[in-house]
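In this text, residue positions in the sequence shown follow the UniProt record's numbering: the first is 1, and each later residue adds one.
The beta carbon of each residue, even a glycine, is placed where N, CA and C say it ideally should be.
This one's a predicted model, so the numbers in the text were calculated from it and none came from an experiment.
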Amino acid sequence: ITTSGELANRMMHPSFEVEREYSVRVLGELTPEIMKQMVAGVELEDGEARFDRVFQKGGPEEAANQWFNVVIKEGRNREVRRMFEHFGLTVSRLIRVRFGNIGLPPRLKRGQFYELNSAEVAAVMKWSNLTVTGGKKAAPVKKASAKAHR
Numbered sequence: 001i002t003t004s005g006e007l008a009n010r011m012m013h014p015s016f017e018v019e020r021e022y023s024v025r026v027l028g029e030l031t032p033e034i035m036k037q038m039v040a041g042v043e044l045e046d047g048e049a050r051f052d053r054v055f056q057k058g059g060p061e062e063a064a065n066q067w068f069n070v071v072i073k074e075g076r077n078r079e080v081r082r083m084f085e086h087f088g089l090t091v092s093r094l095i096r097v098r099f100g101n102i103g104l105p106p107r108l109k110r111g112q113f114y115e116l117n118s119a120e121v122a123a124v125m126k127w128s129n130l131t132v133t134g135g136k137k138a139a140p141v142k143k144a145s146a147k148a149h150r
């Protein structure tokens, strides 16, 4: 995401609770009760996991697949998929759409990056409470791949 070690630490370390938002295509019925349980937290094999928010994104209600957005503040291995599997639901598509305050372009392919302009870099630095010192320009912050890595 960035060449700045300090910024990378702020964005990725769980103690900073940086939001990660995903669009998730789910096969199966995600009921309001299950959504409440996902926000309250469920026990997975590696500890408790919870979404901060879960909301339906759209699509025909009678379709087999439904789109939802979920927001989490940590990124354990396959955590989003495992949360849905806990309830017998299958994730057929998982796309990261936001990391912290960085919205990811919808057509960004795996392995591609998008270099932020100076205004976007300034917004990220302000958001992370970091400052550029010594008259040096901040290292460019690159947007991560829009797809979650497996």
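Spatial neighbours of residue i in its chain, beta-carbon cut-off 8 Å, leaving aside the 5 residues before and after
i: residue 26; result: 65, 66, 67, 68, 84, 89, 90, 91 and 92
i: residue 39; result: 50, 51, 52, 53 and 54
i: residue 37; result: 87
Contact test: residue i Cβ vs the ligand FAD heavy atom, cutoff 7 Å
i: residue 23; result: The ligand FAD is not among the ligands present in this structure, which contains no ligands whatsoever.
Cβ of residue i within 8 Å of any chain B Cβ
i: residue 40; result: As a matter of chain content, chain B is missing from the structure shown, which is built from one protein chain.
Cross-strand partners of residue i (DSSP beta bridge)
i: residue 130; result: Note: residue 130 sits in no beta bridge, so no partner.
i: residue 58; result: 67
i: residue 26; result: 66 and 91
i: residue 96; result: 22
i: residue 45; result: Paired residue(s): none; residue 45 is not in a bridge.
i: residue 85; result: Beta-bridge pairing links residue 85 to no other residue.
i: residue 102; result: 99
i: residue 53; result: 71
Cβ-Cβ distance between residue i and residue j below 8 Å
i: residue 96; j: residue 20; result: yes
i: residue 17; j: residue 57; result: no
i: residue 94; j: residue 7; result: no
i: residue 71; j: residue 24; result: no
i: residue 121; j: residue 102; result: no
i: residue 110; j: residue 104; result: no
Other residues of its chain near residue i: CB distance less than 7 Å, five sequence neighbours each side excluded
i: residue 14; result: 74
i: residue 117; result: none
i: residue 86; result: 42 and 44
i: residue 30; result: 66, 68 and 89
i: residue 28; result: 88, 89 and 90
Per-residue burial, residue i [other beta carbons within 10 Å of its own, 16 or more giving buried]
i: residue 215; result: Given that the chain is displayed from residue 1 to residue 150, the structure contains no residue 215 and the question cannot be resolved.
i: residue 100; result: buried
Same chain only: Cβ atoms within 6 Å of residue i, ignoring 5 sequence neighbours per side
i: residue 135; result: Caution is warranted here: a pLDDT of 43 is assigned to residue 135, below 50, making its placement in the model unreliable, and no coordinate value can be reported.
i: residue 34; result: 87
i: residue 127; result: 101
i: residue 12; result: none
Would the segment 44 to 56 count as touching the segment 75 to 83 if we require 3 or more Cβ pairs under 8 Å? The answer is yes - the segment 75 to 83 touches the segment 44 to 56, with three or more Cβ pairs under 8 Å.
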